[in-house]
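*Asks:* Here it is, the structure in full.
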Amino acid sequence: MVLPQSEKMREECGVAGVFGLKDAGRLIYLSLFALQHRGQEASGIVTFGDPLTQAPHTGRRLHIHKAFGLLVDSIDEGVLNRLHGHMGVGHVRYSTSGGAIVENIQPFQFKTVLGPVAIAHNGNLTNAKKIRGVLESTGSVFQSTSDTEVFVHLIARSQSKVMRERIGDALRQVSGAYSLAIATETALYAARDPSGLRPLVLGKVGAGFVVVSETCALDLIGASFVRDIMPGEVVEISENGLSSWYPQERQELRFCSFEPIYFARPDSLLHGESIYIRRRKLGEILAKECPADAAVVIPIPDSGVAMAEGFAKESGIPLAMGLVRNHYIGRTFIEPNQADRDFGVRLKLNPVRSVLDGKKVIVVDDSLVRGTTAARILRLVRGAGAREIHFRIGSPPITHSCYFGVDTPERENLMAAQHDVDQIRRILEADSLGFLSHDGLRKALDEKPGKSYCMACFNGSYPQDVFAEIKQQPTDAQGPGLFSRA
Ligand code: SF4
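Mapped onto our numbering, the consecutive letters of the sequence shown carry residue numbers 2 to 487.
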C-alpha cells in the first residue's frame, strides 16, 4: 500500500532558465534543486550548446534530460556532464493523477522555421482545451495531455519572422496563469501572465542572467536578485543584453495569495517581500483575531512553523515543538496490516508527550483543505495527553477550487465549502477552532492599490472570468482537473 498523499494544496511547477553562463545545465540543476518543493513528480533540463565551439551566446545543439522522481534520484554527474551549453531551461513538476506520463515532462522542445525552442511553464491555462480543439481541427498533432503544449503550437504556427513576436502572438491567445522560461538558439525569454499569478524573478551572475520561480534558487547558485518579472511582461535576454516589452494591455498584479501562505519557501523574497516575515505576520494577526487560553503554541511542521512563531509572539504564549516531523519517509510502502487510519500521519509526525501531556495547547497550521489529515493530527495530539486543543488556521476557510495551476479538490471535497466553522470544529474534535479572516489576510499581506492578491480559493472572486472560458470549452472540461497542470 502506498501512503496517502498529503492533503495540502499542491503547487504544480517550478521553472528555471540560464543565459550566457558556463555549465548552464549544472546551474539549472541547482536552481531546480532549490525549487523542488514546487514539484516532485518529474523534472527536466534542456540546454543549448555545442561541445566543440563552446560559444557563450548561441547553441545549435539541444541536450535533453527528463525523468520522473526527485532530482537527486534522477540526475547524476554523468547526466550533468552531458548537458553542454551556456543557456537552457529546466522544470520541476507535480502532476495531477492521470497526468504522470513521460510525454508531459517539461521542458517541451520543438523545432520552428526560426530554429529550436524549449519551453518550461508554471501555471494553468484556462482556455487550453478550446485552443487545442481549434488547432487539432486544423491539423496540429499534440504529443502530450499538458496545457503547456498549446504554447508550442501557437509559437510554431505564428507567421512572424521574429521569435519575440511569435511569443507575443502566442501569449495574446491564451488565458489563465503562466510564468514561462523559453530558450532558443540565441536568446532566453521570461514571461508572466497579465495578472502575475505565479512568481518569476530575474537574477544575475557575472555577465550572465538567470530566471527562476523563487529567489531561494538565486541564493543557491550565487546569483544576485535583479527584480521580479512584472505581470504581463516579456523579458528577452540575448548577446545584445536585456530588453522588455508588454504584448498585452497591462493589468493590476493579482499574485496568488497561497504563495506567501504555503507554497513559496520561507527563505524566498517575492515582490520584494520576505515570505517568512509575511507568514509570521499571518500568525500575529491570527492571534489577535482568534485568541485562546493555553500553555503552549504548537506548529504543525513544517508549514505552520512561521505562523506559530507569530502567534506565540503576539499572544505571549510560549512556542514548543509538540510534533516532530520525519523528513525521510518519501514514498514509503507499508504493509496493509499496518495501515490503520492514522498510521500514515504517524509515520510523518510524532507527538512529543513531554510537551503536550496535561496541557491546554494551541495547534497552528497554514490552511485547511479536506480536513482528514488535520483530524488525524489532532487525534495524535489528544492521544499524547493534551487536555484541550485550540486549533488555529493562518488563512480563511478554503471554499473554492483553483483554476490557475494549483491542485485543489473539487468543492464537494473542500471541508469549508461543505461545513460551517462549528461543524468543522466538531468533525476535527477540537475544543475551539479559528480561521484568519479575509481582512486579516489582506492586512498580513499588506494589500494596497497596485499590489493585490488573488484570494479566489477563499472568496470565489477569480481575477479572470474562468467560468466564461470554461463554458466555451468542450463538455469534459468542467472543472479544475481539465488538464494535467504545468
Ligand atoms: Fe492561488 Fe487560490 Fe488564486 Fe489559485 S485560486 S491562484 S491557489 S489564491
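From the three backbone atoms N, C-alpha and C, an ideal C-beta is built for every residue, glycine too. Every value quoted in this text rests on a predicted model; they were computed, and no experiment measured them.
Check whether the Cβ atoms of P117 and E42 sit closer than 8 Å, and answer yes or no.
*Replies:* Going by C-beta atoms, P117 is not nearer than 8 Å to E42.
*Asks:* Can you find the residues in the same chain that come closer than 6 Å, C-beta to C-beta, to S244, ignoring five residues on each side of it along the sequence?
*Replies:* Same-chain partners within the cutoff: E237.
*Asks:* Under 8 Å, do P261 and P232 count as touching if we go by C-beta distance?
*Replies:* Result no, Cβ atoms of P261 and P232 do not sit closer than 8 Å.
*Asks:* Could you give the distance in angstroms between the alpha-carbon of T216 and the alpha-carbon of G345?
*Replies:* If you take the alpha carbons of T216 and G345, they lie about 33 Å apart.
*Asks:* Does DSSP put H154 in a helix, in a strand, or in coil?
*Replies:* Reduced to three states, the DSSP call for H154 is helix.
*Asks:* Can you tell me which of the three DSSP states S161 falls into?
*Replies:* S161: coil per DSSP, three-state reduction.
*Asks:* Give the secondary structure of S98 by DSSP, where H, G and I count as helix, E and B as strand, and everything else as coil.
*Replies:* For S98, the predicted model reports a pLDDT of 43, less than 50, meaning its position is unreliable and no value from the coordinates is stated.
*Asks:* In this structure, does DSSP put M88 in helix, strand or coil?
*Replies:* In the structure shown, M88 sits in a strand (DSSP, three-state: E or B).
*Asks:* Any idea if G169 is buried or exposed, counting beta-carbon neighbours within 10 angstroms, 16 or more meaning buried?
*Replies:* The residue in question, G169, is buried, as its Cβ has 16 or more Cβ neighbours within 10 Å.
*Asks:* Is C14 near ligand 1, in the sense that its beta carbon is under 7 Å from a heavy atom of that ligand?
*Replies:* Answer for C14: no, Cβ out of range of ligand 1.
*Asks:* In three-state terms, what does DSSP make of H272?
*Replies:* Note: H272 maps to coil in three-state DSSP.
*Asks:* Report yes or no: do three or more beta-carbon pairs, one from the segment 453 to 471 and one from the segment 404 to 412, lie closer than 8 Å?
*Replies:* With the cut-off at 8 Å, the segment 453 to 471 and the segment 404 to 412 touch.
*Asks:* So, do the segment 247 to 267 and the segment 13 to 28 have three or more beta carbon pairs nearer to each other than 8 Å?
*Replies:* Too few Cβ pairs lie closer than 8 Å, so no.
*Asks:* Per DSSP, what kind of secondary structure is S180 in: helix, strand or coil?
*Replies:* Strand, per DSSP.
*Asks:* Roughly how many angstroms lie between the CA atoms of Y277 and G311, to the nearest whole one?
*Replies:* Near 10 Å, if we compare the C-alpha coordinates of G311 and Y277.
*Asks:* Can you name the start and end residues of the alpha helix (DSSP H) that D366 belongs to?
*Replies:* It is not in any alpha helix (DSSP H) - D366 instead sits in the beta strand (DSSP E) that spans K361 to D366.
*Asks:* Beta carbon of M10: closer than 7 Å to some heavy atom of ligand 1?
*Replies:* Yes, since a heavy atom of ligand 1 falls inside the 7 Å radius drawn around the Cβ of M10.
*Asks:* Tell me which residues share the same chain as A385 and place their Cβ nearer than 6 Å to its Cβ, disregarding the 5 neighbours each side in the sequence.
*Replies:* P352, R354 and L357, listed in sequence order.
*Asks:* Report the three-state DSSP secondary structure of G204 (helix, strand or coil).
*Replies:* Correct three-state label for G204: strand.
*Asks:* Straight-line CA distance for P200 to R83?
*Replies:* Approximately 30 Å between the Cα atoms of the pair.
*Asks:* DSSP three-state label for A385, please.
*Replies:* Of the three classes helix, strand and coil, the one that applies to A385 here is coil, per DSSP.
*Asks:* Can you determine whether any heavy atom of ligand 2 sits closer than 7 Å to the C-beta of S258, and answer yes or no?
*Replies:* With respect to small molecules bound, the structure shown includes ligand 1 and not ligand 2.
*Asks:* Under a Cβ-count criterion, where at least 16 other Cβ atoms within 10 Å of its own Cβ denotes burial, should N241 be classed as buried or exposed?
*Replies:* Exposed, because fewer than 16 other Cβ atoms sit within 10 Å of the Cβ of N241.
*Asks:* Kindly indicate the opening and closing residues of the alpha helix (DSSP H) around N460.
*Replies:* Where N460 is concerned, the enclosing alpha helix (DSSP H) stretches over A457 to N460.
*Asks:* Please state the DSSP three-state secondary structure of R62.
*Replies:* If DSSP states are grouped into helix, strand and coil, R62 belongs with the strands.
*Asks:* Rounding to the nearest angstrom, what Cα-Cα distance links L437 and R383 in this structure?
*Replies:* C-alpha separation (whole angstroms): 23 Å.
*Asks:* Go through the segment 251 to 319 residue by residue and report every complete run of the alpha helix (DSSP H) that reaches 4 residues or more, in order.
*Replies:* List check, alpha helix (DSSP H) in window: 276 to 290 and 306 to 316.
*Asks:* Please report the distance separating the alpha-carbon of I330 from that of L350.
*Replies:* Looking at the two C-alpha atoms, the distance is approximately 10 Å.
*Asks:* With DSSP collapsed to three states, give me the class of A188.
*Replies:* Correct three-state label for A188: coil.
*Asks:* With a threshold of 7 Å on Cβ separation, who are the neighbours of L81 within its own chain once the five nearest residues in sequence on each side are excluded?
*Replies:* Result list for L81: G26, R27 and Y30, in chain order.
*Asks:* Under 8 Å between the Cβ atoms of H391 and A296?
*Replies:* Cβ atoms of H391 and A296: not closer than 8 Å.
*Asks:* Helix, strand or coil, according to DSSP, for S138 in the structure here?
*Replies:* Here S138 sits in helix by DSSP.
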